[in-house]
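Comments concern the structure below.
Numbering (my numbering), first residue to last: 1 to 147.
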């Protein structure tokens with residue numbers, strides 16, 4: 001095990017050497033409560049293998065991670081009845097990719113964040129340039145997957 005992995009809190013949780021409130025696990029993934037939650041029910045879904053970025057996961061790992069995120073999100077919706085469950089992938093602060101599942105209720109910090117972000121998106125001159133049809137067409141050509 002390399003130095004990075006030894007120091008990885010998520011690897012330690014997977015190995016059972018660090019405490020966590022584990023909600024569910026399968027062969028490839030594990031879901032736990034975030035210890036610094038943004039909201040009641042804030043969870044993390046992590047791959048068991050140390051991988052920095054989600055796009056580096058294998059097919060089975062990706063399938064496991066996102067299926068688990070969907071199942072836990074459904075449970076969050078049923079139990080806490082938020083307006084939505086925000087899902088986003090990270091791996092920067094803790095270099096072990098993870099999916100945040102954060103329930104959001106109107107007016108909470110997450111709702112205010114997205115409202116602010118949408119305001120920036122609507123009013124930014126730089127972002128307006130990205131919406132230009134020629135610019136969008138160029139991006140589409142660059143990112144279109146070939147069959």
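For glycine and all other residues, C-beta sits at the position ideal for the given N, C-alpha and C.
(Q) Is it buried or exposed, residue 35, if we count other Cβ atoms within 10 angstroms and call 16 or more buried? (A) Here residue 35 is taken as the residue at index 35 of the chain shown, counted from 1. The residue in question, residue 35, is exposed, as its Cβ has fewer than 16 Cβ neighbours within 10 Å.
Q. Contact check, residue 94 vs residue 38 under 8 Å by CB: the rounded distance?
A. Along the chain shown, one-based indexing puts residue 94 at 94. Along the chain shown, one-based indexing puts residue 38 at 38. Actually they are not in contact, since the Cβ atoms of residue 94 and residue 38 sit about 16 Å apart, beyond 8 Å.
Q: Excluding the 5 residues preceding and the 5 following residue 73 in the sequence, name in chain order all residues of the same chain whose CB lies nearer than 6 Å to its CB.
A: Within the chain shown, residue 73 is the residue found at index 73, counting from 1. Beyond the five residues adjoining it in sequence on each side, residue 73 comes within less than 6 Å, by CB distance, of 85 and 101 in the same chain, given in chain order.
Q) What whole-angstrom Cβ distance do residue 42 and residue 31 have, given they're in contact under 8 Å? A) Mapped onto the chain shown, residue 42 falls at position 42. Mapped onto the chain shown, residue 31 falls at position 31. With 8 Å as the limit, residue 42 and residue 31 do not qualify as a contact, their Cβ atoms being about 11 Å apart.
Q: Quick one: grab the DSSP three-state call for residue 28.
A: For the purposes of this step, residue 28 is identified with residue 28 of the chain shown, where counting begins at 1. Reduced to three states, the DSSP call for residue 28 is coil.
Q. Going by DSSP, what residues sit across from residue 86 in a beta bridge?
A. Sequence index remark: in the chain shown, residue 86 carries index 86 (1-based). Beta-bridge pairing links residue 86 to 102.
Q.
Quick check on DSSP: helix, strand or coil for residue 11?
A. If you number the chain shown from 1, residue 11 lands on position 11. Helix, per DSSP.
**Q.** From 136, 70, 75 and 126, residue whose alpha carbon lies closest to that of residue 40
**A.** Mapped onto the chain shown, residue 40 falls at position 40. Measuring from the Cα of residue 40, the nearest candidate turns out to be 75.
Q.
Helix, strand or coil, according to DSSP, for residue 51 in the structure here?
A. Position 51 of the chain shown, counted from the first residue, corresponds to residue 51. Note: residue 51 maps to coil in three-state DSSP.
**Q.** Separation of residue 15 from residue 57, as counted between CA atoms
**A.** Translated into positions along the chain shown, residue 57 becomes position 57. Translated into positions along the chain shown, residue 15 becomes position 15. The straight-line gap from Cα to Cα measures roughly 19 Å.
Q: Below 8 Å CB to CB, which residues in the same chain sit around residue 83 once its five sequence neighbours on both sides are set aside?
A: Indexing the chain shown from 1 puts residue 83 at position 83. Closer than 8 Å at Cβ, skipping near neighbours: 104, 105, 106 and 111.
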